[in-house]
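There are 2 protein chains.
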Amino acid sequence: MKKQEIVLTGDRPTGPLHIGHYVGSLLNRVSLQDIYKQYVMIADVQALTDNSANPAKVRENVMEVALDYLAVGIDPAKTTIFIQSMIPEIAEITMFYLNLVTVNRLLRNPTVKTEIQQKGFGESVPAGFLMYPVSQAADITIFKGTIIPVGEDQLPVIEQTNEIIRSFNRTYQTDVFPEAKALIPKVSRLVGLDGQAKMSKSLNNAIFLGDDEDTLKKRIMSMYTDPGHLHVSDPGKVEGNVVFVYLDAFDTDTAKVAELKAHYQKGGLGDVVLKKYLFEVLNAMLTPIRIRRMQLAQDRGEMMRMLLAGTEKAREASSQTMQEVKKALMLNY
Amino acid sequence: MKKQEIVLTGDRPTGPLHIGHYVGSLLNRVSLQDIYKQYVMIADVQALTDNSANPAKVRENVMEVALDYLAVGIDPAKTTIFIQSMIPEIAEITMFYLNLVTVNRLLRNPTVKTEIQQKGFGESVPAGFLMYPVSQAADITIFKGTIIPVGEDQLPVIEQTNEIIRSFNRTYQTDVFPEAKALIPKVSRLVGLDGQAKMSKSLNNAIFLGDDEDTLKKRIMSMYTDPGHLHVSDPGKVEGNVVFVYLDAFDTDTAKVAELKAHYQKGGLGDVVLKKYLFEVLNAMLTPIRIRRMQLAQDRGEMMRMLLAGTEKAREASSQTMQEVKKALMLNY
Numbered sequence: 075m076k077k078q079e080i081v082l083t084g085d086r087p088t089g090p091l092h093i094g095h096y097v098g099s100l101l102n103r104v105s106l107q108d109i110y111k112q113y114v115m116i117a118d119v120q121a122l123t124d125n126s127a128n129p130a131k132v133r134e135n136v137m138e139v140a141l142d143y144l145a146v147g148i149d150p151a152k153t154t155i156f157i158q159s160m161i162p163e164i165a166e167i168t169m170f171y172l173n174l175v176t177v178n179r180l181l182r183n184p185t186v187k188t189e190i191q192q193k194g195f196g197e198s199v200p201a202g203f204l205m206y207p208v209s210q211a212a213d214i215t216i217f218k219g220t221i222i223p224v225g226e227d228q229l230p231v232i233e234q235t236n237e238i239i240r241s242f243n244r245t246y247q248t249d250v251f252p253e254a255k256a257l258i259p260k261v262s263r264l265v266g267l268d269g270q271a272k273m274s275k276s277l278n279n280a281i282f283l284g285d286d287e288d289t290l291k292k293r294i295m296s297m298y299t300d301p302g303h304l305h306v307s308d309p310g311k312v313e314g315n316v317v318f319v320y321l322d323a324f325d326t327d328t329a330k331v332a333e334l335k336a337h338y339q340k341g342g343l344g345d346v347v348l349k350k351y352l353f354e355v356l357n358a359m360l361t362p363i364r365i366r367r368m369q370l371a372q373d374r375g376e377m378m379r380m381l382l383a384g385t386e387k388a389r390e391a392s393s394q395t396m397q398e399v400k401k402a403l404m405l406n407y
Numbered sequence: 075m076k077k078q079e080i081v082l083t084g085d086r087p088t089g090p091l092h093i094g095h096y097v098g099s100l101l102n103r104v105s106l107q108d109i110y111k112q113y114v115m116i117a118d119v120q121a122l123t124d125n126s127a128n129p130a131k132v133r134e135n136v137m138e139v140a141l142d143y144l145a146v147g148i149d150p151a152k153t154t155i156f157i158q159s160m161i162p163e164i165a166e167i168t169m170f171y172l173n174l175v176t177v178n179r180l181l182r183n184p185t186v187k188t189e190i191q192q193k194g195f196g197e198s199v200p201a202g203f204l205m206y207p208v209s210q211a212a213d214i215t216i217f218k219g220t221i222i223p224v225g226e227d228q229l230p231v232i233e234q235t236n237e238i239i240r241s242f243n244r245t246y247q248t249d250v251f252p253e254a255k256a257l258i259p260k261v262s263r264l265v266g267l268d269g270q271a272k273m274s275k276s277l278n279n280a281i282f283l284g285d286d287e288d289t290l291k292k293r294i295m296s297m298y299t300d301p302g303h304l305h306v307s308d309p310g311k312v313e314g315n316v317v318f319v320y321l322d323a324f325d326t327d328t329a330k331v332a333e334l335k336a337h338y339q340k341g342g343l344g345d346v347v348l349k350k351y352l353f354e355v356l357n358a359m360l361t362p363i364r365i366r367r368m369q370l371a372q373d374r375g376e377m378m379r380m381l382l383a384g385t386e387k388a389r390e391a392s393s394q395t396m397q398e399v400k401k402a403l404m405l406n407y
């Protein structure tokens with residue numbers, strides 16, 4: 075018997091998933107699906123908020139993301155995987171929530187403010203982008219999600235969601251919605267190969283779950299280490315050295331990692347040898363995922379049937395909640 | 075065979091309809107339904123944008139507005155009357171349109187700017203209120219409306235709708251949506267009993283279609299005429315005299331009205347006599363409407379079945395359009 079809490083999480087289908095997602099969120103989901111009822115959303119509508127002119131990219135990556143999910147062990151029998159655009163109740167409830175939030179409150183949201191700057195919208199912020207915390211409140215509440223795995227930078231979104239929940243429950247004198255709690259993962263954002271920024275597809279500093287062995291090797295060989303470590307015999311730095319960051323994140327043999335760090339700091343351990351070791355570790359982890367992913371990709375029709383079945387199950391929950399919402403709003407004709 | 079154009083119009087259910095609506099929009103709809111395919115929307119979702127804390131008022135007035143429609147001769151066999159909240163495609167398409175409009179563009183919309191001031195939102199403009207031109211673009215386009223009867227003050231909303239249509243068609247290389255044209259009625263806004271402002275329920279200066287004879291008489295007797303017209307023998311002013319405004323709008327006997335105006339300006343025609351004449355004119359017009367309204371109100375179950383049947387018909391059209399939209403957005407899984 076699973077616990078009462080409901081996990082709601084998901085990804086924007088704007089690219090295949092990488093090992094940063096793996097350690098930051100996917101592994102968590104594989105554990106959580108045995109403890110809680112879990113919904114994982116492929117957020118195609120949200121992906122369009124800043125890819126409105128590129129629907130083909132979004133469409134294509136819906137399948138890539140689904141392949142990644144199943145390849146890492148998210149099990150459609152335990153987790154409801156669904157496509158956001160096929161749940162109209164999310165849009166419907168968003169419209170009601172927009173009445174409970176002021177424009178100024180949205181403009182002050184720190185996550186949105188930061189992202190508006192990062193994305194360089196300037197004076198041309200799409201209205202859909204400004205609204206996205208409201209849309210996320212809709213995603214969460216339509217499934218009565220109570221445990222929301224998010225990075226620390228997304229905490230204001232959970233705060234905004236709970237403000238909306240309290241306002242809705244108070245205004246319509248109901249208890250339809252439970253408040254949501256953020257679940258912050260231990261490794262929230264893995265650094266990219268360049269050591270400069272978080273791993274991301276757009277920065278081309280990522281290792282994807284579906285990368286073949288050659289690609290994996292090339293990416294690891296290009297990795298940022300210690301620029302002062304010119305000769306094998308030189309002592310090298312461990313801090314900020316991406317190879318060690320990844321060994322800490324992915325190698326379960328912690329004694330071995332400690333030994334390598336000591337050797338590297340003392341001198342006598344070359345970058346190439348070190349990177350070959352990291353390759354062994356990552357390749358051992360990624361090989362079963364890669365094989366499973368290739369097998370799954372052979373029957374995309376079956377994958378799509380799986381997604382549609384998950385979506386149908388999600389729709390049962392969302393239409394049940396919508397009935398309660400419409401009763402509270404007296405729109406139950 | 076009706077012409078290809080599609081009329082989309084409607085009302086926010088925030089009060090019963092009055093003779094300003096009758097002459098400004100309802101009579102038009104009765105004519106238009108014989109020429110065009112016509113959708114009339116009871117905009118309960120939009121009514122909630124500035125009545126979010128008062129859902130009972132909205133719910134109650136859905137039926138009042140429907141009674142007014144049928145009482146004046148809008149015929150459910152010719153016009154599709156439907157309830158907005160039961161068309162989820164409107165919310166869905168709104169979310170897509172929000173990506174095509176900037177926040178600054180919405181803040182510059184003259185209609186929205188004026189209404190934000192009128193409603194005294196100050197710094198607390200609900201996000202849903204700012205978005206409402208986008209939501210109206212959704213209302214119009216989901217039914218491929220091409221003829222939109224609106225007051226002149228609502229022209230910026232039609233302009234915003236056409237901007238969205240052009241942007242959508244261009245971005246997704248489609249011709250799903252035809253552009254919309256405003257149809258501006260001859261009498262766009264009738265002045266209220268006080269002669270100060272447009273007729274409206276909230277200003278308590280209205281004559282409702284359902285008013286009984288006594289109420290009608292009292293309202294006419296309280297009407298603003300010429301404050302300088304103290305004695306019957308005094309010459310009186312016709313300009314700004316609400317009684318004459320209404321006679322011009324509602325009395326088909328224009329020769330008689332011209333004669334009364336001349337008599338009033340010369341002196342010798344008292345306000346009470348004049349108002350009694352207006353009462354006869356309005357009562358003759360309103361009596362059949364009032365009787366029909368009372369008959370219809372006796373079977374609210376039947377009225378609701380009519381609304382649900384209209385809504386189902388509207389839903390067929392909206393889901394057809396949504397299929398085309400999802401194909402254009404590549405969200406047709």
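Chains as they are written, first to last, in my numbering: chain A, 75 to 407; chain B, 75 to 407. Even glycine gets a Cβ: it sits at the ideal position worked out from N, Cα and C.
Would residue i pass as an interface residue toward chain B - the criterion being a Cβ-Cβ separation below 8 Å?
i                  : result
Asp-373 of chain A : no
Ala-460 of chain A : Missing from the structure shown is residue 460 of chain A; chain A here goes from 75 to 407 and no further.
Asn-243 of chain A : no
Arg-182 of chain A : no
Arg-133 of chain A : yes
Met-404 of chain A : yes
Thr-176 of chain A : yes
Tyr-338 of chain A : no
Asn-173 of chain A : yes
Tyr-96 of chain A  : no
Report the three-state DSSP secondary structure of residue i (helix, strand or coil).
i                  : result
Phe-242 of chain A : helix
Lys-340 of chain A : helix
Gly-147 of chain B : coil
Tyr-113 of chain A : strand
Gln-158 of chain A : helix
Ala-254 of chain A : coil
Thr-153 of chain A : strand
Ile-281 of chain B : coil
Thr-185 of chain A : helix
Pro-200 of chain A : strand
Glu-313 of chain A : coil
Ala-24 of chain A  : Residue 24 of chain A falls outside the range modelled here, since chain A spans only 75 to 407, and no answer is possible.
Is there a C-beta anywhere in chain A that falls below 8 Å from the one on residue i?
i                  : result
Leu-141 of chain B : no
Met-380 of chain B : no
Phe-170 of chain B : yes
Gly-144 of chain B : It is Leu, not Gly, that sits at residue 144 of chain B in the sequence shown. For Leu-144 of chain B, the answer is no, since every Cβ of chain A falls outside 8 Å of its Cβ.
Leu-370 of chain B : no
Could you spell out where the alpha helix (DSSP H) holding residue i opens and where it closes?
i                  : result
Leu-381 of chain B : 374-402
Tyr-320 of chain B : 316-324
Thr-176 of chain B : No alpha helix (DSSP H) holds Thr-176 of chain B; DSSP gives it neither H nor E.
Thr-299 of chain B : Run containing Thr-299 of chain B: none; DSSP gives neither H nor E here.
Tyr-407 of chain A : Taken as a continuous stretch (DSSP letters only), Tyr-407 of chain A belongs to no alpha helix (DSSP H), as it is neither H nor E.
Gln-247 of chain B : It is not in any alpha helix (DSSP H) - Gln-247 of chain B carries neither H nor E in the DSSP assignment.
Asp-227 of chain A : Careful: Asp-227 of chain A lies outside any alpha helix (DSSP H) and carries neither H nor E.
Thr-361 of chain B : 345-371
Would you list the one or two residues that DSSP bridges to residue i?
i                  : result
His-305 of chain B : Bridge partners of His-305 of chain B: none, in fact.
His-95 of chain B  : Beta-bridge pairing links His-95 of chain B to no other residue.
Leu-82 of chain B  : B:Tyr-113
Met-330 of chain A : Met is not the amino acid found at residue 330 of chain A; the sequence shown has Lys there. Its beta-bridge partners do not exist; DSSP assigns none.
Val-265 of chain B : B:Lys-272
So residue i is in the beta strand (DSSP E); what residue range does that whole segment cover?
i                  : result
Ile-294 of chain A : It is not in any beta strand (DSSP E) - Ile-294 of chain A instead sits in the alpha helix (DSSP H) that spans 287-295.
Ile-222 of chain A : 221-223
Legend entry - Contacting positions in the region 147-166 of chain A - beta carbon closer than 9 Å to chain B: Ile-157, Ser-159, Met-160, Pro-162, Glu-163, Ile-164, Ala-165, Glu-166
Inset, instruction - Taking only beta carbons into account, state which residues of the region 191-211 of chain B come closer than 9 Å to chain A, listed in chain order. - result: Phe-195, Glu-197, Ser-198, Val-199, Pro-200, Ala-201, Gly-202, Phe-203, Leu-204, Met-205, Val-208, Ser-209
Legend entry - Positions along the region 298-331 of chain A whose CB lies within less than 7 Å of some CB in chain B: none
Inset, instruction - Could you please tell me which residues of the region 111-126 of chain B, in chain order, have their CB closer than 7 Å to any CB of chain A? - result: Asp-118, Val-119, Leu-122, Thr-123, Ser-126
Legend entry - Selection of the region 222-256 of chain B by Cβ proximity to chain A, strictly under 8 Å: Thr-245, Tyr-246
Legend entry - Residues within the region 343-365 of chain A neighbouring chain B, beta-carbon criterion of under 7 Å: none
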